[in-house]
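With this note's numbering applied, the first sequence corresponds to residues 418 to 1198, in that order. Even for Gly, the Cβ is constructed at its ideal location relative to N, Cα and C. These notes are about the structure you will find just below.
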Amino acid sequence: MLQQRYDRAIEEKWQKRWETEGTYRFDDKNTSRPLYTIDTPPPFTSGELHMGHVLSYSYIDFTARYKRMAGFNVYYPQGWDTQGFPTEVKVEKKYGRLNPVEFRQKCVEWTVDMIARMKTQMKEMGFSPDWRYEYKTMDSEYHRKVQLSLIRMYGDKLVYRDKYPVFWCPRCGSAVAKAELDDEEKAGTLNYINFTGPNGEKLPIATSRPELMTACVAVLFNPEDARYRHLEGKTVTTALGKQVPVFSDKDVEKEFGTGLLMVCTFGDKMDVVWLHRHKLPLIEAIDRHGRMQNSGELNGLKVEEARKKVIEILGEKVFKKEPLRQTVKVHDRCRTPVELIPSLQWFADIRTTAKHIKALAEKVRWVPDFGISYLIDWVEGAEWDWVISRQRVFGTPLPFYACECGATAAAGEDELPFYPEKAKGKACGCGKRMVAETSTCDCWVDSSITPLIIAGWPDEKKMERFYPSSLRPQGVEIVRTWAFYTIYRSGVALTGMPPWETILLNGNVLAPDGKKMSKSLGNIISPAELLRDYPTDAIRQWAALSGAMAKDRPFSYEDIKHAKSFLAKVWNAARFVENALKDEIRAETAEPELSTIDRWIIGRLNTTIKQCTEHMERFEFHYAMSKLQAFFWGDLCDNYLEYVKHRVYEDGNGAGRAAAAYTLRKVLNDSMLLLAPFAPHMAEELNGELFSRKTSIHHAQWPEAGPEYADEVAKVTLLNAIVSELRQHKARNRLAQNAELAKVRLSLPQGMDAELLSELQKISKIKELETVKGEFGVSVL
RNA sequence: GGGCCCAUAGUCGAAUGGUUAAGACGCUACCUUGACAUGGUAGAGAUUCGCGGUUCGAUCCCGCGUGGGCCCACCA
């Protein structure tokens, strides 16, 4: 017997049983069923599932469940993106400063805890990965593979070391990550200074950082600026007497200052762009303590002092000063303005491989198709290589050695996993000893080989079977990072093949007010909170109905209430059928003689199966779900169940009742199959409790669409219209819907089968029914 | 500033080059009908963002504008 109300207890019961029975295990031995592999996103281990996770992992789960039912052997692993700055911050806050080995250990402990929490929430959401294939980017085995991939790329000259400016805090004497920077508005001065042109003419430039003039390596103007066009390719002299080339550049603003600017290495981030774009030399004017160097008279002065001094030195060459409000990047902890200081970093070659990246991206099916444009634009605009090193502790160590003389070498494969504190060192050709690199990898270096990790790389036999993945689901906002780096590393650099057949992009969940959820706005809705008030299956339906792919959508409590109502509707319909059929619900009988109405609902069911199947194939979950809801609620509950009540209750054991029983059984059963990917708990409960099946519905076969019975559908559509007219009549006259009507006259252009007329009489409780030929009309007499 | 996406009742959202522009939430009225009041039956509510163009006909196709979102860049 079904209990009166569907509740969370039922869901928890099934979650436990699925786990003990290993319902979602991938069948590694089976080679007869086609494989469907999912490159599931490893979430960052924050400890908390948010609504974005719920949305995107629901999509993945719908797909996995649908594909299993559609006959695939689904390989659905789940990983964790563990290493990163946010964890370091939290661990440092808790434990203070520790030595790197201890610190890393604390980060690992912290992360294990966070994973446990997130895993519990994922299970509560009914997600169905095979947890035997869980991976963590902080595992030494994961480290080993990341490092192996880098050694191979180094061997192919795709990874190299070079100078690159990093943000540096002169006060703390350390590199500062982008995430540790704050913007601060400061009052500065824009100085107008005369340089000298090739013919001795005055050329005014404007700068807020005159102290960097010694590091000036070029002068730029906008290509459309007629005032300076004649200078293109010429050499000019700075106010301190240095010769520098002149280039035109589209990023120079004509209206700002004088339209002429000096590029210094480095005043700000734009200078870094220009250095690469125009292949300019690098001058290191500021040292790690924030003092000037390579700057003649200014050497040894602090930046602020040098700024005053240089203005003095320049004297009347500074012909104008104006106040300037500027945004300065400061270190978030000490509020000191940061400087860009060249340092040795590791790079991965993006520029010479850009064409390959594009070519492989084009071999992947993008859903929606415009998603690829994010990647193409990015590839085409990439001006320099990917900096893969980070001066952090909780990360995968870079498996490289470097010597004072500048030489570098990769660690040997026998040294993997490589940890610098345990490294043996290496002899350098110059006679000195190479030391192990202590920098770690950018997190995207870890996550850009997930399709390889899940495919057992570098084991060739496994790779042949599991690579490329069938599906990469991910957020649209990380196409330029995760998708891009994966195509580059797993594809171009390491296998030469696209990493997946299909990439599916999802959008994000906004707050009910349409804004981004954020702590500062206080508009965050958490899954944990929703799970207190709504069944998991309702939350999953909300996700299914949350609109088109790659589109953001506000969260709405109304939607989730509606989902809950639909579940209640399904539950009550099932209780009706159970009560009406009793043990007969489990009878597997051949199809009896069916009435027009029975064939109508089966035809509608088949149309729904067809539509749902097409939508599932295209990952259009919102359409699949709404078609199913419209059918179940509109056709089945509102009409068919009402139409068969008289047969079920009053026909004893007659043929009409048998046909209705067969039809109810079939329609309910197939509807549960369609519902199973979205509401796996309820579908499973009805499968087990109502139909008394021992095997999980999630091992059942996806239904196949039978005949759509167009004639019957047309006939019953007319019947529906008549019933609706009579319902309106009863409503207008304040009658109960089951009130009897003495006499009704139907006016019909084509007439109606006697069978349906007799049904109509019983459905609408009409004592006397009369039909005339004519324009459609229903009159109650 | 660059690229991409979007604009349809109070809100969220479908659909279509051609009768009356789905549905949901909310709102109103009636109905305690043997699955369900977490329900049922009805009702009200839209100049389909603005301006031009293509067309016999545009909410849909094109252009411009306005307003929003995402990613990226960011002023020397």
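DSSP on P451, reduced to helix/strand/coil?
Coil, per DSSP.
Output the distance between the C-alpha atoms of A1117 and Y476, rounded to the nearest integer angstrom.
Distance between the alpha carbons of A1117 and Y476: 20 Å.
Which residues share a DSSP beta bridge with Y492?
Answer by DSSP bridge pairing, in chain order: T454.
Can you name the residues that DSSP bridges to V994?
In DSSP, V994 forms no bridge with anything.
Buried versus exposed, by CB contacts within 10 Å (16 or more), N711
The residue is exposed, with fewer than 16 neighbouring Cβ atoms inside 10 Å.
Checking the sheet assignment: what are the DSSP bridge partners for S886?
Answer is W917.
Segments of 4+ residues assigned as alpha helix (DSSP H) that fall wholly inside the stretch 655-729
Listed in chain order, the complete alpha helix (DSSP H) runs (minimum 4 residues) inside the stretch 655-729 are 686-694.
Have a look at V987, W959, A990 and W861 and flag the residue whose alpha-carbon is nearest the alpha-carbon of E975.
It is W959.
Outcome for C860 when other beta-carbon atoms lying within 10 angstroms are tallied against a minimum of 16:
Residue environment for C860: buried (at least 16 other C-beta atoms within 10 angstroms of its C-beta).
So, do the stretch 525-539 and the stretch 419-426 have three or more beta carbon pairs nearer to each other than 8 Å?
No: the two stretches stay apart, fewer than three of their Cβ pairs being nearer than 8 Å.
Got a sec, what are the start and stop residues for the beta strand (DSSP E) S1164 sits in?
Taken as a continuous stretch (DSSP letters only), the beta strand (DSSP E) holding S1164 covers L1158 to L1165.
So, for T1024: in the same chain, excluding its five sequence neighbours on each side, which residues have a beta-carbon less than 7 Å away from its beta-carbon?
The answer, listed in chain order, is E1125.
Write down the C-beta distance between V634 and G650 rounded to the nearest angstrom, noting that I regard them as a contact closer than 8 Å.
Not really, about 15 Å apart at Cβ, beyond 8 Å.
Any idea which residues DSSP pairs A604 with across the strands?
BP columns for A604 point to R742.
Distance CB(L1136)-CB(L1186) smaller than 8 Å:
Cβ distance not < 8 Å, so L1136 and L1186 don't count as in contact.
Report the option in L466, L452 and Y441 whose CA atom is closest to the CA atom of D478.
Looking from the CA of D478, the closest CA among L466, L452 and Y441 belongs to Y441.
Go ahead and label R724 buried or exposed: buried means 16 or more other beta carbons lie within 10 angstroms of its beta carbon, across all protein chains shown.
When all chains shown are included, R724 counts as buried.
Simplified DSSP state of F638, which is helix, strand or coil
Note: F638 maps to strand in three-state DSSP.
If you compare alpha carbons, which of K1160, L757 and L452 is closest to A702?
For A702, the nearest C-alpha among the options comes from L757.
With distance defined between alpha-carbon atoms, name the residue in R485, W874, L948 and D930 nearest to T912.
Measuring from the Cα of T912, the nearest candidate turns out to be W874.
Find out if the Cβ-Cβ distance for the pair I945, Q538 is shorter than 8 Å.
Checking the sequence, you will find Ala at residue 945 rather than Ile. Their beta carbons are under 8 Å apart, which means A945 touches Q538 by this criterion.
Simplified DSSP state of W874, which is helix, strand or coil:
Secondary structure at W874: coil, using DSSP grouped into helix, strand and coil.
Just to confirm before moving on: does the CB-CB distance between L921 and L888 stay below 8 Å?
With contacts defined by Cβ atoms closer than 8 Å, L921 and L888 form a contacting pair.
Extent of the continuous alpha helix (DSSP H) run through V755
Neither: V755 is in no alpha helix (DSSP H) and is coded neither H nor E.
Beta-carbon spacing of A853, G842 below 8 Å:
In contact: A853 and G842 (Cβ atoms closer than 8 Å).
Locate the alpha helix (DSSP H) running through G1225, then write down its first and last residues.
No answer is possible for residue 1225: the residues shown for the chain start at 418 and end at 1198.
Going by beta-carbon coordinates alone, are P587 and G513 separated by less than 8 Å?
Not in contact: P587 and G513 (Cβ atoms no closer than 8 Å).
Nearest-angstrom Cα distance between V1065 and S1164?
Here the C-alpha atom of V1065 lies approximately 30 Å from the C-alpha atom of S1164.
Alpha-carbon spacing of L777 relative to Y884, whole angstroms:
Rounded to the nearest angstrom, the gap between the Cα atoms of L777 and Y884 is 14 Å.
Whole angstroms is fine: what's the gap from A1004's alpha carbon to S937's?
Distance between the alpha carbons of A1004 and S937: 58 Å.
Other residues of its chain near L833: CB distance less than 7 Å, five sequence neighbours each side excluded
The residues are R561, Q564, L565 and P816.
Taking only three categories from DSSP, how would you classify F461?
If DSSP states are grouped into helix, strand and coil, F461 belongs with the strands.
Quick one: residues in its chain with C-beta nearer than 6 Å to the C-beta of R957, no 5 flanking neighbours on either side, listed in chain order?
So the qualifying residues of the chain are S475 and F1095.
CA-to-CA distance, G848 to G590, given in whole angstroms
So the two alpha carbons sit approximately 31 Å from each other.
Nearer than 7 Å: is that true of the beta carbon of F901 relative to any heavy atom of the ligand COA?
No copy of the ligand COA occurs in the structure displayed, which carries no ligand at all.
Between which two residues does the alpha helix (DSSP H) holding A960 run?
From DSSP, the alpha helix (DSSP H) with A960 extends over T953 to A961.
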